[in-house]
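Residue numbers (full-length UniProt numbering): 1 to 403. Glycine is no exception: its CB is placed at the ideal position from the N, C-alpha and C atoms.
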């Protein structure tokens, strides 16, 4: 629902609090006057952008986490958890105490009648911690609470406000990055190569006897032979290099090979026996078609695989897409987005965006990376990348892959 619809369902108490937040001058006893006054104020671009401009970084991270979620409703527990996740560096002890409190309060609220629950929920949000954030977003008219089904108490963000948030944040990001004049001197483009290399990997496994170590890993000789077949060459991981969290075999193989290997494994095309790596019956059937794997399918798998260490990966990819419609200086883009990326153990935000995101997006054929005589390293979305991130299938005839 849009903001106007949600305001019409809100009680006069919440409308009065929203009107007070925006200093609306209207008849506080008239629901219609309150709604009209709120809408006319909130819909003013200067007012909306002033509110966004005054938000703390944790609040921006919080709202950013809601904008790209496929769901349109969230429980109180989910919102409290997201506020906690937006405060980088908060201890786990604090998180556990908040979690325990929210579960107890939620169970207590469920035992009450519908009428009493509404009143109780208004009082449940104290003026400290994550619940203060939720209360503040309700007062802005950015979160509305109600029921969905039997005793399910959920919060929603108005659909039209989501789009305004995205547009406002995009303008902020654009002001922080630098764009290049003209084309780079040279650039790297790997569109469609990863799909071809799925075939190469399966073909090699099908026609070679590949022994495995006791840990189920291919030996160096086989790894190098596979890498020689690929359209993109990679170096083997250094001994003792810190590598975990980004897939099942990220610790054993180079980044791109690890993704392809994990993709084939989870598709059920390959299996690791006690001694050898072989194709399954499903993998052999897949090879009879000799069709390169579709990049959008590998992209979707990558998003799911990397979502653990990078929980907001979809939103960061969205912003990279929006900011890279033209050749953009990679360093300024990294500086703009790193405040929204949480460190993952020894991986700092800069490493995550440069290696785990931009580097892998290039391998997926989503990004081009170039060298510019003035802006140094620059990046730009590929036509295929724009379509894939937008959620389109590459089977769509309107997609131009190599322009």
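- For the stretch 18-95, the full-length alpha helix (DSSP H) segments reaching 4 residues or more read 31-42, 45-53, 57-67, 76-86 along the chain.
- The stretch 162-182 makes no contact with the stretch 32-40; the number of CB pairs closer than 8 Å stays below 3.
- Shortest Cα-Cα distance from residue 357 to any of 315, 325, 265 involves 315.
- Contact holds between the stretch 212-226 and the stretch 252-268, because three or more Cβ pairs, one in each stretch, are under 8 Å apart.
- Taken in chain order, the unbroken stretches of alpha helix (DSSP H) that lie wholly in the stretch 334-372 and span 4 residues or more are 360-363.
- Assignment of residue 280 by DSSP, reduced to helix, strand and coil, places it in the coil class.
- A distance below 6 Å between beta-carbons, with the five flanking residues on each side excluded, links residue 2 to the following residues of its chain, in chain order: 158, 159, 160.
- Spatial neighbours of residue 319 in its own chain (CB-CB distance under 7 Å, excluding positions within 5 residues in sequence) are listed in chain order as 173, 337.
- As the crow flies, the alpha-carbon of residue 370 is around 22 Å from that of residue 349.
- Pairing residue 295 with residue 11, the inter-Cα distance amounts to about 48 Å.
- In the DSSP assignment, residue 210 forms a beta bridge with 277.
- At a cut-off of 4 residues, the continuous stretches assigned as alpha helix (DSSP H) that sit fully inside the stretch 214-268 are 220-229, 255-266.
- Taking the CA atoms as reference points, residue 262 sits about 11 Å from residue 271.
- Here the C-alpha atom of residue 134 lies approximately 17 Å from the C-alpha atom of residue 16.
- Rounded to whole angstroms, residue 80 and residue 64 show a C-alpha spacing of 15 Å.
- If you check the CB distance, residue 68 and residue 86 do not come in under 7 Å.
- A Cβ-Cβ distance of about 35 Å is found for the pair residue 230 and residue 181, leaving them out of contact under the 8 Å criterion.
- Shown here for residue 33: same chain residues with a beta carbon closer than 7 Å to its own, the five before and five after excluded, namely 26, 27 in chain order.
- Residue environment analysis places residue 324 among the buried positions, since at least 16 neighbouring C-beta atoms fall within 10 angstroms of its C-beta.
- Counting other Cβ atoms within 10 Å of its Cβ, residue 355 stays below 16 and is therefore classed as exposed.
- Between residue 73 and residue 156 the beta-carbon gap is near 5 Å, inside 8 Å, which marks them as a contact.
- A distance below 7 Å between beta-carbons, with the five flanking residues on each side excluded, links residue 237 to the following residues of its chain, in chain order: 243, 254.
- With contacts defined by Cβ atoms closer than 7 Å, residue 307 and residue 313 form a contacting pair.
- Contact annotation: residue 202 and residue 232 have beta-carbon atoms that are not nearer than 7 Å.
- Note that the C-beta distance between residue 205 and residue 279 is below 7 Å.
- Take residue 392, set aside five residues on each side of it, and no residue of its chain has a beta-carbon closer than 6 Å to its own.
- Membership of residue 189 in the beta strand (DSSP E) is indicated by the continuous run 186-189.
- Between residue 211 and residue 276, the C-beta spacing is below 7 Å.
- Bridge partners of residue 155 according to DSSP: 74, 145.
- With a threshold of 16 other beta carbon atoms within 10 Å, residue 376 falls short and is exposed.
- Here residue 132 is exposed: its Cβ has fewer than 16 other Cβ atoms, across all protein chains shown, within 10 Å.
- According to the DSSP assignment, residue 132 belongs to the alpha helix (DSSP H) that extends over 129-140.
- The three-state secondary structure of residue 380, taken from DSSP, is strand.
- Annotated three-state conformation of residue 177 is coil, per DSSP.
- Boundaries of the beta strand (DSSP E) around residue 270: 270-272.
- Pairing residue 281 with residue 226, the inter-Cα distance amounts to about 21 Å.
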